[in-house]
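See the structure below:
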């Protein structure tokens with residue numbers, strides 16, 4: 016597929032889905048749409064991903080494209096009306112439009128009509144399948160080895176770590192796949208269920224279904240975690256993934272220096288060793304598992320400080336650790352695979 | 016309100032909502048519909064609730080009624096087509112119809128049309144409000160004292176214990192209310208949100224909203240828990256309620272002799288003391304709380320064995336315990352209110 020990615024006014028720092036697809040996706044990116052950066056290039060901002068021109072709007076995308084992907088999500092997941100001309104333009108060119116918003120494009124009257132007229136598809140990544148059901152509590156029986164990335168907070172690197180570990184595993188010849196549980200992972204893999212959007216009763220069941228489906232395809236699965244177990248708002252989703260996936264091993268993701276829950280500054284984050292123990296205690300009665308490795312996001316530190324922070328973090332959780340973006344996920348891969 | 020309760024073929028043992036409304040509701044029950052028991056009376060089967068005739072169908076209900084309540088829920092929450100004549104008959108009499116099914120009556124074409132024609136309401140108790148959002152993590156700031164009933168499994172007495180404690184508190188002159196989180200509690204209180212039916216991301220937020228609303232009305236709130244923290248399928252809902260409600264105290268409900276998760280016999284239930292510790296560990300980083308009392312369901316034991324089982328349970332959790340149905344919730348009320 017050849018795609019354009021919409022990221023108006025937010026590329027690259029607040030365009031998590033756009034950057035995720037540029038970094039880990041298989042699709043060719045024809046252009047990024049950001050009207051504040053038209054004329055620049057992706058590589059001017061993000062050095063280690065595929066390059067592409069940045070343009071002001073859909074009409075400036077050169078050559079044929081198969082799809083327009085909405086690569087940003089405002090707080091609340093609404094649709095920004097300033098994007099309408101781009102989505103309209105894409106549909107009129109016969110392109111599919113893909114989005115992971117809480118607002119479903121397929122429910123928009125104009126978009127539905129245009130998609131129908133031009134015979135293209137509106138793909139809402141966050142819309143759950145309508146045949147979900149409760150978990151059977153059987154994911155531990157799959158043949159694949161299952162590794163779950165968990166976090167001490169939201170946006171702590173769970174998706175990135177899952178993809179980096181899968182890449183490192185594949186480089187070593189391991190048949191590894193990712194189980195995406197959020198819109199960015201789903202956009203990258205063209206597969207998955209946004210667990211946070213599923214009816215609470217069926218959330219563990221949705222994860223179980225994905226683990227069972229992907230276990231039939233791969234020897235090792237890296238399941239993308241969501242939220243965190245001590246998060247005032249999102250802990251339900253975290254719990255559903257922990258109990259639904261029944262993982263063999265956990266990798267604990269943390270942001271160096273973060274001490275309070277992002278957006279909930281009155282809630283302190285427990286120390287990493289206590290947090291690891293909490294995950295293990297919650298898993299134990301359903302499907303016992305251990306934190307075997309750590310992933311530390313050191314983006315805000317310089318190289319020296321980053322190295323020291325990783326060492327300190329590894330010591331705290333009593334397991335090998337790295338920053339999988341700055342350093343190399345291969346450093347924790349043996350631990351994640353249960354080889355040490 | 017004067018209501019009829021539909022409970023075909025399931026009254027009383029598998030008609031949890033019907034019995035709950037008979038026991039705790041304020042409405043006058045005109046009749047129970049159960050075609051297998053027509054001619055019998057409620058008191059023939061359930062001694063300690065308001066009495067009513069049992070009839071074969073809606074046409075046999077004498078006198079005017081305001082509503083028909085569907086008092087049973089088949090596994091999966093579907094609508095049983097054998098109930099259609101009763102629902103149709105109720106609407107044609109001008110009665111509202113109330114149900115807590117996953118299948119929404121208001122989405123049924125025939126019922127929607129009849130309700131419109133006869134100017135009555137279809138109330139789907141499980142349909143969440145459409146303006147829910149994520150939790151702010153602020154329920155601990157309410158003025159009311161908040162007590163949450165939690166369990167070692169599904170169907171372990173969490174709803175019953177919440178209502179029995181509220182009743183015992185009111186008998187002592189305490190201004191106590193219940194926060195219902197499931198369809199039966201909602202049918203009894205004519206208020207509440209079925210948390211298991213809420214999008215996972217908003218589940219804690221739904222609980223927070225209810226606690227904040229009811230705290231403005233009462234001095235003490237008994238929040239009805241759902242599921243259990245080590246349940247393979249429903250732990251997400253349990254977690255959402257624990258972190259959304261931020262309770263001051265917990266009451267742990269358990270079924271005497273139950274050793275495996277109901278319907279998940281391969282998953283053992285941890286011992287009560289470990290289970291209490293798990294609830295406390297999960298609550299701690301978000302809003303610390305303790306298990307201060309226990310409620311033991313001794314339905315399957317004789318009186319002597321029940322007394323001994325309660326004593327043993329109290330010792331195991333290190334807190335006062337009772338069976339609030341067989342004995343008296345007043346025995347654990349002081350502990351639940353933090354007075355001892």
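Residue numbers (this note's numbering), protein chains in the order written: chain V, 16 to 355; chain G, 16 to 355.
Cβ atoms here follow ideal geometry from the backbone N, Cα and C, with glycine treated the same way.
**Message:** Could you compute how far the alpha carbon of residue 241 (chain G) sits from the alpha carbon of residue 248 (chain G)?
**Reply:** The residue you call residue 241 (chain G) lines up with position 226 of the second chain. The residue you call residue 248 (chain G) lines up with position 233 of the second chain. Answer to the nearest angstrom: the Cα atoms are 12 Å apart.
**Asked** DSSP on residue 315 (chain G), reduced to helix/strand/coil?
**Response** If you number the second chain from 1, residue 315 (chain G) lands on position 300. Coil at residue 315 (chain G), not helix or strand.
**Request:** Taking residue 284 (chain V) as the reference, give the member of G:285, G:298, G:271, G:280 with the closest Cα.
**Result:** The residue you call residue 284 (chain V) lines up with position 269 of the first chain. Closest option to residue 284 (chain V), Cα to Cα, is G:298.
**Prompt:** Taking the alpha carbon of residue 42 (chain G) as the point to measure from, which residue in G:26, G:24, G:66 has its own alpha carbon closest?
**Reply:** For the purposes of this step, residue 42 (chain G) is identified with residue 27 of the second chain, where counting begins at 1. Closest by alpha carbon: G:66.
**Request:** Could you tell me the boundaries of the beta strand (DSSP E) in which residue 100 (chain V) lies?
**Result:** Along the first chain, one-based indexing puts residue 100 (chain V) at 85. For residue 100 (chain V), no beta strand (DSSP E) segment is defined; the enclosing uninterrupted segment is the alpha helix (DSSP H) at 99 to 107.
**Item:** chain G contacts made by the stretch 149 to 167 of chain V, where a contact means CB separation under 7 Å
**Value:** 149, 150, 152
**Item:** Alpha-carbon to alpha-carbon, residue 222 (chain G) and residue 256 (chain G)
**Value:** Start at 1 with the first residue of the second chain, and residue 256 (chain G) comes out as number 241. Start at 1 with the first residue of the second chain, and residue 222 (chain G) comes out as number 207. Roughly 6 Å separates the two Cα atoms.
**Asked** Listed in chain order, which residues of the stretch 285 to 311 of chain G have Cβ atoms closer than 7 Å to some Cβ of chain V?
**Response** 285, 293, 296, 297, 300, 301
**Item:** Contact list for residue 281 (chain G) against chain V, beta-carbon separation under 8 Å
**Value:** Here residue 281 (chain G) refers to the residue found at position 266 of the second chain. Here the neighbours are 152.
**Message:** Under 8 Å, Cβ to Cβ, is there at least one residue of chain V near residue 39 (chain G)?
**Reply:** By 1-based counting over the second chain, the position of residue 39 (chain G) is 24. Not one chain V Cβ lies under 8 Å of residue 39 (chain G).
**Request:** Say whether chain G places a C-beta atom closer than 8 Å to the C-beta of residue 262 (chain V).
**Result:** Along the first chain, read from residue 1 onward, the residue named residue 262 (chain V) stands at position 247. For residue 262 (chain V), the answer is no, since every Cβ of chain G falls outside 8 Å of its Cβ.
**Prompt:** How would you write the range of the beta strand (DSSP E) that residue 43 (chain V) sits in, first residue to last?
**Reply:** Sequence index remark: in the first chain, residue 43 (chain V) carries index 28 (1-based). Secondary structure note for residue 43 (chain V): its beta strand (DSSP E) is the uninterrupted segment 43 to 48.
**Message:** Beta carbons nearer than 8 Å to chain V: which residues of the stretch 120 to 145 of chain G have them?
**Reply:** none
**Prompt:** Mind checking residue 166 (chain G): buried by the 16 CB within 10 Å criterion, or exposed?
**Reply:** Stepping through the second chain from its first residue, residue 166 (chain G) is reached at position 151. Buried.
**Request:** Please work out which residues of its chain come closer than 6 Å, Cβ to Cβ, to residue 229 (chain V), disregarding the five sequence neighbours upstream and downstream, and give them in chain order.
**Result:** Numbered from 1 along the first chain, position 214 holds the residue referred to as residue 229 (chain V). For residue 229 (chain V), where only same-chain residues beyond five positions count, the Cβ hits under 6 Å are 192, 194, 236.
**Asked** Hey, is the stretch 313 to 325 of chain G in contact with the stretch 305 to 323 of chain V, meaning 3+ C-beta pairs nearer than 8 Å?
**Response** no
**Request:** Rounded to whole angstroms, what's the CA-CA distance from residue 137 (chain G) to residue 124 (chain G)? Just pull it up for me.
**Result:** Translated into positions along the second chain, residue 137 (chain G) becomes position 122. Translated into positions along the second chain, residue 124 (chain G) becomes position 109. So the alpha carbons of these two residues sit roughly 12 Å apart.
**Asked** residue 258 (chain G) versus chain V: which residues are under 7 Å apart at the beta carbon?
**Response** Along the second chain, one-based indexing puts residue 258 (chain G) at 243. Going along chain V in sequence order, the residues near residue 258 (chain G) (Cβ under 7 Å) are 247, 250.
**Asked** In the DSSP assignment, what are the bridge partners of residue 73 (chain G)?
**Response** Sequence index remark: in the second chain, residue 73 (chain G) carries index 58 (1-based). According to DSSP, which records beta bridges pairwise, residue 73 (chain G) is partnered with nothing at all.
**Prompt:** Quick one: any contact between the stretch 63 to 82 of chain G and the stretch 30 to 46 of chain G, if contact means 3 or more CB pairs under 8 Å?
**Reply:** Yes: the two stretches touch, three or more of their Cβ pairs being nearer than 8 Å.
**Request:** May I ask you to report which of helix, strand or coil DSSP gives residue 141 (chain V)?
**Result:** On the first chain, residue 141 (chain V) is found 126 positions in, with the first residue counted as 1. Of the three classes helix, strand and coil, the one that applies to residue 141 (chain V) here is coil, per DSSP.
**Message:** Less than 8 Å between the C-beta atoms of residue 215 (chain G) and residue 213 (chain V), yes or no?
**Reply:** The count along the second chain starts at 1 and reaches residue 215 (chain G) at position 200. The count along the first chain starts at 1 and reaches residue 213 (chain V) at position 198. Closer than 8 Å, so yes.
**Asked** Taking the Cβ atom as the reference point for each residue, do residue 56 (chain G) and residue 26 (chain G) lie within a distance shorter than 8 Å?
**Response** The residue given as residue 56 (chain G) occupies position 41 in the second chain. The residue given as residue 26 (chain G) occupies position 11 in the second chain. No. Outside cutoff.
**Prompt:** Residues of chain G with CB under 7 Å from residue 196 (chain V), in chain order?
**Reply:** In the first chain, the residue the question calls residue 196 (chain V) occupies position 181. Within 7 Å Cβ-Cβ: nothing; residue 196 (chain V) doesn't reach chain G, min ~11 Å.
**Asked** alpha helix (DSSP H) containing residue 288 (chain G): first to last residue?
**Response** Counted from its first residue, the second chain places residue 288 (chain G) at position 273. In the DSSP assignment, residue 288 (chain G) falls within the unbroken alpha helix (DSSP H) covering 287 to 298.
**Request:** Could you list the residues in the stretch 187 to 217 of chain V with a C-beta less than 7 Å from some C-beta on chain G, going in chain order?
**Result:** 210, 211, 212, 213, 214, 215, 216
**Message:** Between the alpha carbons of residue 150 (chain G) and residue 143 (chain G), how many angstroms are there, rounded?
**Reply:** Residue mapping note: residue 150 (chain G) aligns to position 135 of the second chain, counting from 1. Residue mapping note: residue 143 (chain G) aligns to position 128 of the second chain, counting from 1. Looking at the two C-alpha atoms, the distance is approximately 15 Å.
**Request:** Check the C-beta distance from residue 202 (chain G) over to residue 140 (chain G) and give it rounded, since I have them as a contact under 8 Å.
**Result:** The sequence position of residue 202 (chain G) within the second chain is 187, counting from 1. The sequence position of residue 140 (chain G) within the second chain is 125, counting from 1. Contact check for residue 202 (chain G) and residue 140 (chain G): beta-carbon distance about 6 Å, within the 8 Å limit, so the pair qualifies.
**Request:** For residue 263 (chain G), count neighbouring C-beta atoms within 10 Å of its own C-beta (all shown protein chains included) and say buried if the count is 16 or more, exposed if not.
**Result:** As a working note, residue 263 (chain G) is residue 248 in the second chain. Label assigned to residue 263 (chain G): buried.
**Prompt:** Mapping DSSP to helix, strand and coil, what is residue 234 (chain V)?
**Reply:** For this step, residue 234 (chain V) is matched to residue 219 along the first chain. Of the three classes helix, strand and coil, the one that applies to residue 234 (chain V) here is coil, per DSSP.
**Item:** Contact set for residue 332 (chain G): own chain, Cβ-Cβ below 8 Å, skip 5 residues either direction
**Value:** Here the question's residue 332 (chain G) lines up with position 317 in the second chain. Within the same chain, residue 332 (chain G) has close Cβ partners 267, 287, 288, 291, 306, 309.
**Item:** Any C-beta of chain G under 8 Å from that of residue 175 (chain V)
**Value:** Taking the first residue of the first chain as 1, we reach residue 175 (chain V) at position 160. Judged by the 8 Å Cβ criterion, residue 175 (chain V) is not in contact with chain G.
**Item:** Through-space distance from residue 77 (chain G) to residue 133 (chain G), alpha-carbon basis
**Value:** Your numbering for residue 133 (chain G) matches position 118 in the second chain. Your numbering for residue 77 (chain G) matches position 62 in the second chain. Residue 133 (chain G) and residue 77 (chain G) have their alpha carbons spaced roughly 20 Å apart.
**residue 337 (chain V): contacting residues in chain G (beta-carbon distance under 9 Å)** = Stepping through the first chain from its first residue, residue 337 (chain V) is reached at position 322. Chain G residues near residue 337 (chain V): none, gap ~25 Å exceeds 9 Å.
**Prompt:** Under a CB-based cut-off of 8 Å, is residue 323 (chain G) close to chain V?
**Reply:** As a first step, residue 323 (chain G) is located in the second chain; it is residue number 308 there, counting from the start. No, its Cβ sits nowhere closer than 8 Å to a Cβ of chain V.
**Request:** Please check if any C-beta of chain G sits within less than 8 Å of the C-beta of residue 82 (chain V).
**Result:** Numbered from its first residue, the first chain carries residue 82 (chain V) at position 67. Residue contact with chain G for residue 82 (chain V): absent (no Cβ-Cβ distance below 8 Å to any residue of chain G).
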